[in-house]
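First residue of the sequence shown: 12, per the numbering used here; consecutive thereafter.
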Amino acid sequence: MLTLKGNHVYLRALEPEDLDFIYSIENDETIWEISNTITPYSRFLIKQYLEQAHKDIYEVKQLRLVICTNEDLSIGMIDLFDFDVKNKRAGIGILIKANKDREQGYGKEALKLLANYCFNHLDLHQLYCNISEDNEASLKLFSNQGFQKIGLKADWNLVNGNYKNEYLFQLINN
């Protein structure tokens, strides 16, 4: 699909072979704060999820894609969630797994590809994301892609005994 292919990365549907990749992401405690996860996922549960991944976004209200380099290396995930057909909006989240692959432009290109897909193929009016106040990389990424900071959720997430603020960002398709 040319819509989801960029100069350096492409986005693809989940495959059964992604089990170990997804398992390693979902069970990486260093990123649980970003995904609001507090418990590990079993291979069995992830396998069941992958078996259902073929379902249509209009049915399950979410879409999860793998970010791959043009050399076919899986480097991250990008998701749509809370897909709202009536109001033509969805939440978006992104993760580049390895530190060495971050700040290389992969996230920027993946975000741009998925936003274009959302606006041109899914006919969405807006995308939004929630970003912790101390996630500087994501704040920079989404701001540089035209997302506007529209709100602050004070003391929103309890992390290691301390409350953290979370920003709400939005991109409206003009």
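For every residue, glycine included, the Cβ atom is placed at its ideal position computed from N, Cα and C.
Assuming residue i and residue j are in contact, meaning their beta carbons sit under 8 angstroms apart, how far apart are those beta carbons, in whole angstroms?
{"i": "I107", "j": "L138", "result": "The Cβ separation is near 18 angstroms, so there is no contact."}
{"i": "L163", "j": "N171", "result": "Wrong, their Cβ atoms sit about 21 angstroms apart, outside the cutoff."}
{"i": "V20", "j": "I78", "result": "6 angstroms"}
{"i": "E37", "j": "Y52", "result": "4 angstroms"}
{"i": "L61", "j": "P27", "result": "6 angstroms"}
{"i": "G17", "j": "L150", "result": "So it is not a contact: roughly 22 angstroms between Cβ atoms."}
{"i": "L30", "j": "K58", "result": "6 angstroms"}
{"i": "H121", "j": "I89", "result": "One detail in the question is off: residue 121 reads as Ala in this sequence, not His. Correct: roughly 5 angstroms between the Cβ atoms."}
Pick from the options: whose alpha carbon is nearest that of residue i?
{"i": "L152", "options": "K160, L163, D29, K119", "result": "K119"}
{"i": "N47", "options": "S143, Q159, N155, L179", "result": "S143"}
{"i": "R113", "options": "Q63, K160, I49, A148", "result": "A148"}
{"i": "I68", "options": "K160, D134, D145", "result": "D134"}
{"i": "S85", "options": "L76, F92, D93", "result": "L76"}
{"i": "N131", "options": "N110, A165, N185", "result": "N185"}
{"i": "N173", "options": "S154, D145, A126, N155", "result": "D145"}
{"i": "A126", "options": "N110, Q115, Q156", "result": "Q156"}
On the CB-based measure, 16 or more other CB atoms within 10 Å of its CB, does residue i come out buried or exposed?
{"i": "F180", "result": "buried"}
{"i": "F158", "result": "buried"}
{"i": "Y178", "result": "buried"}
{"i": "N98", "result": "exposed"}
{"i": "L22", "result": "buried"}
{"i": "N141", "result": "buried"}
{"i": "L15", "result": "buried"}
{"i": "L13", "result": "exposed"}
Within its chain, find whatever has a CB closer than 7 angstroms to the CB of residue i; leave out the 5 residues flanking it on each side and keep chain order.
{"i": "D95", "result": "A101"}
{"i": "I183", "result": "H136, Q137"}
{"i": "R54", "result": "L30, Y34"}
{"i": "L25", "result": "L61, A64, R75, V77"}
{"i": "A165", "result": "N176"}
{"i": "Y128", "result": "T14, L15"}
{"i": "Q73", "result": "D90, L91, F92, F94"}
{"i": "I49", "result": "W43"}
{"i": "E82", "result": "none"}
Closer than 8 angstroms by C-beta to residue i: which residues in its own chain qualify, once you throw out the five before and the five after it? Chain order, please.
{"i": "E44", "result": "S143, N168, V170"}
{"i": "Y117", "result": "H19, V20, I78, T80, I86, G87, I107"}
For residue i, which residues in the same chain have their Cβ closer than 6 angstroms to its Cβ, ignoring the five residues on either side in sequence?
{"i": "T41", "result": "none"}
{"i": "S154", "result": "none"}
(message) If we require 3 or more residues per run, which beta strand (DSSP E) segments fall completely within the stretch 21-108?
(response) 74-80, 85-95, 100-107
(request) Note down, one range per segment and in chain order, each beta strand (DSSP E) of at least 3 residues found wholly within the stretch 116-185. (result) 137-143, 159-170, 173-183
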